[in-house]
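Shown next, in structure tokens, is the structure this report addresses.
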Amino acid sequence: MADTGTKLKLSSSARRTALMGAMFLMATSAIGPGFITQTTVFTAQIGAAFAFAILASILIDMAVQMNVWRVIGVSGLRAQELGNKVVPGIGWLLSGLVFLGGVVFNIGNIAGTGLGANAMLGVDPKIGGTVSAVVAILVFLSKKAGMALDRIVVLLGALMILLMIYVAVVAAPPLGEALKNTFLPDTVDFLIITTLVGGTVGGYITYAGAHRMLDSGATGIEHVQQITRSSILGIIVTGIMRVLLFLAILGVVAGGTVLTSNNMAAEAFGAAAGEIGLRMFGIVLWAAAITSVIGAAFTSVSFITSSRTPERKRNLITVVFIAGCALVYFFLGQAPQQLLIFAGAFNGLILPVGFGVLLWVAWRRRDLMHGYAYPKWLLLLGVATWLITLFLGWNSMLGLAKLWS
Numbered sequence: 016m017a018d019t020g021t022k023l024k025l026s027s028s029a030r031r032t033a034l035m036g037a038m039f040l041m042a043t044s045a046i047g048p049g050f051i052t053q054t055t056v057f058t059a060q061i062g063a064a065f066a067f068a069i070l071a072s073i074l075i076d077m078a079v080q081m082n083v084w085r086v087i088g089v090s091g092l093r094a095q096e097l098g099n100k101v102v103p104g105i106g107w108l109l110s111g112l113v114f115l116g117g118v119v120f121n122i123g124n125i126a127g128t129g130l131g132a133n134a135m136l137g138v139d140p141k142i143g144g145t146v147s148a149v150v151a152i153l154v155f156l157s158k159k160a161g162m163a164l165d166r167i168v169v170l171l172g173a174l175m176i177l178l179m180i181y182v183a184v185v186a187a188p189p190l191g192e193a194l195k196n197t198f199l200p201d202t203v204d205f206l207i208i209t210t211l212v213g214g215t216v217g218g219y220i221t222y223a224g225a226h227r228m229l230d231s232g233a234t235g236i237e238h239v240q241q242i243t244r245s246s247i248l249g250i251i252v253t254g255i256m257r258v259l260l261f262l263a264i265l266g267v268v269a270g271g272t273v274l275t276s277n278n279m280a281a282e283a284f285g286a287a288a289g290e291i292g293l294r295m296f297g298i299v300l301w302a303a304a305i306t307s308v309i310g311a312a313f314t315s316v317s318f319i320t321s322s323r324t325p326e327r328k329r330n331l332i333t334v335v336f337i338a339g340c341a342l343v344y345f346f347l348g349q350a351p352q353q354l355l356i357f358a359g360a361f362n363g364l365i366l367p368v369g370f371g372v373l374l375w376v377a378w379r380r381r382d383l384m385h386g387y388a389y390p391k392w393l394l395l396l397g398v399a400t401w402l403i404t405l406f407l408g409w410n411s412m413l414g415l416a417k418l419w420s
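Using the working numbering, the first residue of the sequence shown is number 16, and each one after it goes up by one.
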């Protein structure tokens, strides 16, 4: 357990930095190119009614993340390790599902960096994606990879928020209509909600922040308040980013602009703020994509390694993971919008499996929770949300069938 020993030696300031990094890793993983693409496509389809899907995704995210961070944080074990202690083998099944979803999503994330670089600098998307993958690889080759990871996701997350505030204000969205549809939507599309939830809290995204939190050493019953506060702040950051992006796109669509290109999000930002808007979109998309590349790689590899795996070895596996995804993207040549929407729907299938395991640990395995009395209200909230994820997972299966037909 040499790795654990290293974590416990973190200073209080280093621990705070790692927790901040965990919060933003969760948020930026949820707001990747997939979410930007989905938000644009679906807002163009149903307009202000998409506000209800945003609200649903935030509420589900809140219930899921509060439980995930609490169980993983108090137990001090990764999700797959808990799974194997509940039912031998189920942790490896979860690892396989998350890893496969992470590969699919990361190909899309690298594609997103290419599109972002193209909008920002005018370079060929494949060149931009390849260079961006190299940048992500350099983060994990750094001697202080953990610190580099934390700082880059916090910096780029803050940059995304500031730029989206500007575009949302310039786009002048119909706030009254958006507010009305948040609670009384003109239309409800469960496939859209399923895809959005899968893309923002499904698959590897569910565990990105919580697994990074383990590296901070803030685990165990004595850190429950810190764990809870960090998870809530992360959800707030995620929610702010989702709402701002939606309002920016809604302002363009409500203004009468018809989005028809293969890169609707870039078209929307350009319509809102002209050439400056297009460049800002490039920065936002690239920042969202590169942080998601980092988040997907870190979390996916955390599912095929253990706390006993030396940090250097884990980082090298992560480098290979990113390089492999970059090669697939380079030769795939598939339209990013199709790939990202597929990945969101696929991740909607993974969520009920891993989340169900963690809820079982919270309910029946106090030995794994070090005797911690799990709050009944949080468990009930989690179970209610798990039932919703089962319904959404079924819709994911139907949605994937349609995509393949």
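Note that beta-carbon positions come from the ideal geometry of N, C-alpha and C, so glycine has one too.
*Alpha carbon to alpha carbon, how far is residue 276 from residue 169? Give it in angstroms, no decimals.*
32 angstroms
*Output yes or no for whether 8 angstroms exceeds the beta carbon distance between residue 287 and residue 263.*
yes
_Start-end ranges of the alpha helix (DSSP H) lying completely within the stretch 66–154, minimum 4 residues_ = Within the stretch 66–154, the complete alpha helix (DSSP H) runs of at least 4 residues are 94–101 and 105–136.
*Contained beta strand (DSSP E) runs [length at least 3] in the stretch 245–288, N- to C-terminal order*: Taken in chain order, the stretch 245–288 contains no complete beta strand (DSSP E) segment of 3 residues or longer.
*Can you tell me the Cβ-Cβ gap for residue 425 and residue 368, rounded? I've got them flagged as a contact below 8 angstroms.*
This structure gives no information on residue 425, because the portion of the chain shown stretches from 16 to 420.
_Those runs of the alpha helix (DSSP H) which lie wholly inside the stretch 314–346 and span at least 4 residues_ = none
*In or out: residue 346 buried (at least 16 other Cβ within 10 Å) or exposed?*
Residue environment: residue 346 is assigned as exposed (fewer than 16 neighbouring CB atoms within 10 Å of its CB, all protein chains considered).
*Delimiting residues of the alpha helix (DSSP H) encompassing residue 169*: 160–186
*Pick helix, strand or coil for residue 222, following the three-state DSSP scheme.*
Three-state result, residue 222: helix.
*Of the residues 257, 406, 215 and 185, which one's Cα is nearest the Cα of residue 285?*
185
*Using only alpha-carbon positions, find the residue among 78, 396, 54 and 321 that is nearest to residue 92.*
321
*Is it true that the CB of residue 122 sits closer than 8 angstroms to the CB of residue 343?*
yes
*Since I believe residue 224 is in contact with residue 38 (beta carbons under 8 angstroms), could you give me their beta-carbon distance rounded to a whole number of angstroms?*
6 angstroms
*Take the Cβ of residue 327 as the centre, count every other Cβ of all protein chains shown within 10 Å, and call the residue buried at 16 or more, exposed below.*
exposed
*asked:* Closer than 8 angstroms is the cut-off here; do at least three beta carbon pairs connect the stretch 231–246 with the stretch 45–61?
replied: By the Cβ rule, the stretch 231–246 does not count as touching the stretch 45–61, because fewer than three pairs are nearer than 8 angstroms.
*Of the choices 384, 365, 391 and 394, whose alpha-carbon is the least far from that of residue 404?*
365
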